[in-house]
Amino acid sequence: MSDEIMTLKEVADYLKLAEKTAYRLAAEGKLPGFKVGGSWRFKAADIERWIEEQKKKETE
44 MSDEIMTLKE VADYLKLAEK TAYRLAAEGK LPGFKVGGSW RFKAADIERW
94 IEEQKKKETE
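In structure tokens, the structure reads:
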């Protein structure tokens with residue numbers, strides 16, 4: 044992963060989530076993303092970092 048920009052569908056597929064779930068997490072500020080013209084976009088590096096943070100939370 045790098046500075047690649049991912050769509051909501053790509054992030055949902057990558058995380059094995061329903062698109063609605065990924066949208067809700069992003070809208071609630073729980074998934075790092077930003078909007079471009081009303082559509083959610085995500086930096087792949089931010090998603091990788093978020094995954095690592097979630098793994099740390101589970102082990103605490």
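Residues 44 to 103 (this note's numbering) make up the sequence shown, in order. Note that the Cβ used here is the ideal one computed from N, Cα and C, for glycine as well. Predicted model, so just to flag it, every value in this text is computed and none were measured.
Contact check, residue i vs residue j, beta carbons under 7 angstroms
| i | j | result |
| --- | --- | --- |
| M49 | F85 | yes |
| L51 | A65 | yes |
| P75 | D56 | no |
Other residues of its chain near residue i: CB distance less than 6 angstroms, five sequence neighbours each side excluded
| i | result |
| --- | --- |
| W83 | L51, A69 and G76 |
Chain-order list of residues whose beta-carbon lies under 8 angstroms from that of residue i (same chain, five-residue window excluded)
| i | result |
| --- | --- |
| G80 | none |
| M44 | For M44, the predicted model reports a pLDDT of 47, less than 50, meaning its position is unreliable; a value from the coordinates is still stated below. Once the five neighbours on either side are set aside, the close Cβ partners of M44 are A87, A88, I90 and E91. |
Same chain, Cβ closer than 7 angstroms to residue i, five either side skipped, listed in chain order
| i | result |
| --- | --- |
| E47 | A87 |
| K63 | none |
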